[in-house]
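**Student:** Pasting in a structure now, in structure tokens, and then I'll have a few things to ask.
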Amino acid sequence: MQILPGIFKFDTGPFNWYVLEEAGRITLIDAGFPGHHSIFIAGLKEIGKAVEDVDAIILTHAHADHTGFAERLRRESNATVYIHRDDKAGVMRPLNLPWYGLLSNAWRTYTRSMLLHATWNGVFRLPSVSEVTVFEHGDILEVPGRPQVLHVPGHTPGEVCFFLPERQVAFCGDTLVTRDLFTGVEGGPQVPHRLLNKSDRQARNSLDKLKELGHVTILPGHGKPWTGEIAEAVEIARNDFSNRGKVQTRTT
8 MQILPGIFKF DTGPFNWYVL EEAGRITLID AGFPGHHSIF IAGLKEIGKA VEDVDAIILT
68 HAHADHTGFA ERLRRESNAT VYIHRDDKAG VMRPLNLPWY GLLSNAWRTY TRSMLLHATW
128 NGVFRLPSVS EVTVFEHGDI LEVPGRPQVL HVPGHTPGEV CFFLPERQVA FCGDTLVTRD
188 LFTGVEGGPQ VPHRLLNKSD RQARNSLDKL KELGHVTILP GHGKPWTGEI AEAVEIARND
248 FSNRGKVQTR TT
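If you count the sequence shown from 1, you need to add 7 to reach our numbering.
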């Protein structure tokens, strides 16, 4: 499904990853679970592309629901995998997820369904990524779309957003999401629950790095896109800290 010109999202439930096309070449933003590989291949065919058209795999962070088929695609396409320096060790470690937060909430119907989805789609067969190229805050990646890197640590040490200034689009990974991962409720921009963040305080403080982006479309790692002023999104997310589930529902 094309959600914006040249930007596609394929259906893998609550786990979002995106395809960015420019001049006939492809950048994959995040890589779901291993079982999502077949959905990616089928989606490429639908838009008239093939594995050979993939130049780059850029990762917002090193959690397993964002890195799942990255290594397989790297080998198939000879694409370069990029990740922030502070998540390099994490992406080379299998089963990298916030397990305490997930398992301690497995009594919740929605969280349990996510864990079942992860298991069915190969999280316990997930290979580490054996070759990566690292980037830093402020880098402009020389890949299709030329995204700018915004380092927003907290969810993981190397969490980033990828910003496309000309399109005013921000791929935010798990910096800002629009779905509560414990209840499944969709709403306005929010920071993942503190039990899912490496440093919850840092995750919230990092939002200041986004406040000058202006009017944007946020493409989150979980939930629907959100369009508006980024300063408003940050304010909604911070209010949500004490009022989760009652935030505005301004989604596109």
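Ideal placement from N, C-alpha and C gives every residue a C-beta, glycine not left out.
Keep in mind the model is a prediction, meaning the values are calculated, not measured.
At 4 residues or longer, and completely inside the stretch 104-128: list those alpha helix (DSSP H) runs for me, N to C.
**Tutor:** If we require 4 residues or more, the alpha helix (DSSP H) runs fully inside the stretch 104-128 come out as 106-110, 116-127.
**Student:** Assuming contact is defined by CB atoms lying nearer than 8 Å, are Tyr-107 and Leu-202 in contact in what I supplied?
**Tutor:** Here residue 107 corresponds to residue number 100 of the sequence shown, with the count starting at 1. Here residue 202 corresponds to residue number 195 of the sequence shown, with the count starting at 1. Against a cut-off of 8 Å, the Cβ pair of Leu-202 and Tyr-107 comes out as a contact.
**Student:** Taking C-alpha atoms, which residue in His-44, Val-223, Thr-116 lies nearest to Val-130?
**Tutor:** Position 123 of the sequence shown, counted from the first residue, corresponds to residue 130. The residue with the shortest Cα to Cα distance from Val-130 is His-44.
**Student:** Specify the secondary structure class of Leu-27 as computed by DSSP and reduced to three states.
**Tutor:** Taking the first residue of the sequence shown as position 1, residue 27 is located at position 20. Reduced to three states, the DSSP call for Leu-27 is strand.
**Student:** Can you list, in chain order, the residues of its chain with a C-beta nearer than 7 Å to that of Phe-170? Leave out the 5 residues immediately preceding and following it.
**Tutor:** Along the sequence shown, one-based indexing puts residue 170 at 163. These residues qualify, in order along the chain: Pro-154, Gln-155, Leu-157, Ala-177, Leu-220.
**Student:** Using the C-alpha atoms, what's the distance from Asn-246 back to Val-58?
**Tutor:** Within the sequence shown, numbered from 1, the residue matching residue 58 stands at position 51. Within the sequence shown, numbered from 1, the residue matching residue 246 stands at position 239. Those two C-alpha atoms are separated by around 42 Å.
**Student:** Just mark Leu-35 as buried or exposed, buried being the case when its beta carbon has 16 or more other beta carbons within 10 Å.
**Tutor:** On the sequence shown, position 28 is the one that residue 35 refers to. Its Cβ being crowded by 16 or more others within 10 Å, Leu-35 is buried.
**Student:** Tell me which same chain residues have a C-beta within less than 7 Å of the C-beta of Gly-152, skipping the five on either side of it?
**Tutor:** As a first step, residue 152 is located in the sequence shown; it is residue number 145 there, counting from the start. Excluding positions up to five away in sequence, the list reads Leu-27, Glu-29, Thr-34, Leu-171.
**Student:** So who's on the other strand from Cys-168, going by DSSP bridges?
**Tutor:** The residue you call residue 168 lines up with position 161 of the sequence shown. Leu-157, per the DSSP bridge assignment.
**Student:** Thinking just about the alpha-carbon of each residue, which of Asn-103, Ala-86, Asn-85 is nearest to the one in Gly-75?
**Tutor:** Numbered from its first residue, the sequence shown carries residue 75 at position 68. Of the candidates Asn-103, Ala-86, Asn-85, the one whose C-alpha sits nearest the C-alpha of Gly-75 is Asn-103.
**Student:** What's the C-alpha gap between Trp-127 and Gln-175?
**Tutor:** As a position in the sequence shown, residue 127 is number 120, starting the count at 1. As a position in the sequence shown, residue 175 is number 168, starting the count at 1. So the alpha carbons of these two residues sit roughly 35 Å apart.
**Student:** Going by the beta-carbon positions, is the gap between Phe-17 and Gly-50 smaller than 8 Å?
**Tutor:** Walking along the sequence shown from the start, residue 17 turns up at place 10. Walking along the sequence shown from the start, residue 50 turns up at place 43. For Phe-17 and Gly-50, yes; Cβs fall inside 8 Å.
**Student:** Evaluate Asp-215 with the Cβ neighbour count: other Cβ atoms within 10 Å of its Cβ, from every protein chain shown; 16 or more gives buried, anything less gives exposed.
**Tutor:** Walking along the sequence shown from the start, residue 215 turns up at place 208. Exposed is the call here.
**Student:** Is the beta carbon of Pro-41 less than 8 Å from the beta carbon of Leu-110?
**Tutor:** Here residue 41 refers to the residue found at position 34 of the sequence shown. Here residue 110 refers to the residue found at position 103 of the sequence shown. Contact flag unset, no.
**Student:** Residues in its own chain within less than 6 Å of Asp-207 by CB, not counting five upstream and five downstream?
**Tutor:** In the sequence shown, residue 207 corresponds to position 200, counting from 1. Closer than 6 Å at Cβ, skipping near neighbours: Arg-201.
**Student:** Can you say whether Arg-186 is buried or exposed, counting buried as having 16 or more other CB atoms within 10 angstroms of its CB?
**Tutor:** Walking along the sequence shown from the start, residue 186 turns up at place 179. Buried.
**Student:** Starting from the C-beta of Tyr-89, find all residues in its chain whose C-beta is less than 8 Å away, skip the five residues before and the five after it, and write them out in chain order.
**Tutor:** Numbered from its first residue, the sequence shown carries residue 89 at position 82. Closer than 8 Å at the Cβ level, and outside the excluded window around Tyr-89, lie Ala-63, Ile-64, Ile-65, Leu-66, Val-139, Thr-140, Val-141, Phe-142, Leu-148, Val-150.
**Student:** Looking at the unbroken beta strand (DSSP E) that takes in Phe-178, where does it start and where does it end?
**Tutor:** Locating residue 178 in the sequence shown gives position 171, where the first residue counts as 1. 176-180 is the extent of the beta strand (DSSP E) around Phe-178.
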